[in-house]
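Under our numbering, the sequence shown is numbered contiguously, ending at residue 159.
Ideal Cβ placement from N, Cα and C applies to all residues, glycine included.
Take a look at the structure set out below.
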Amino acid sequence: MTRVKISAAILLLLIGMSIFSSFWVNRRCNAMLSEVDLIHELAEMGDTESVTHMARELNADWESFREGASVLLKYDRLIEIDRLCSRIVHLAENEEDEMAAELAELRDMLEMLKSGETPLLTSVF
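Here's what the structure looks like:
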């Protein structure tokens, strides 16, 4: 009977960690998505100083998130987003026209990462 209790406790611990990590990933991705939208709006208005500052903030937030997420998520999912965040900082500093396309791609990648970690009944079974 003790083995059953220990097994149940381990199973509940794993389920709890999974739920917590999915909420954490969703919350952090939503925050970064709002930053991406703000950067896009500032870029359309032509405020290059604020765009550069926000791009650096987004990159710092991504680096902070990536440290914890590399334990929970497959690393190949994170590499492409890492490249995009670094590229957006470079594009913002050099005021290049490609930034809108890169922001749209980053937004799609973050949405895909977020939706991939949302526990759904169909993805569990």
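Spatial distance of residue i from residue j (CA atoms)
{"i": "D81", "j": "W58", "result": "32 angstroms"}
{"i": "V38", "j": "L147", "result": "35 angstroms"}
{"i": "E129", "j": "D110", "result": "29 angstroms"}
{"i": "A42", "j": "T36", "result": "10 angstroms"}
{"i": "L45", "j": "E101", "result": "26 angstroms"}
{"i": "E149", "j": "I40", "result": "Note that residue 149 is Ser in the sequence shown here, rather than Glu. Taking the straight line from one Cα to the other gives about 32 angstroms."}
Span of the alpha helix (DSSP H), counted from its first residue to its last, around residue i
{"i": "D142", "result": "M133 to G150"}
{"i": "R81", "result": "The question names Arg, yet the displayed sequence has Asp at residue 81. Taken as a continuous stretch (DSSP letters only), D81 belongs to no alpha helix (DSSP H), as it is neither H nor E."}
{"i": "L118", "result": "Y109 to N128"}
Contact the region 56 to 72 vs the region 97 to 117: 3+ CB pairs below 8 angstroms: Contact holds: three or more Cβ-Cβ distances are below 8 angstroms.
Does the count of Cβ pairs from the region 79 to 94 and the region 43 to 57 closer than 8 angstroms reach three? Three or more beta-carbon pairs separated by less than 8 angstroms are not found between the region 79 to 94 and the region 43 to 57, which leaves the two stretches without contact.
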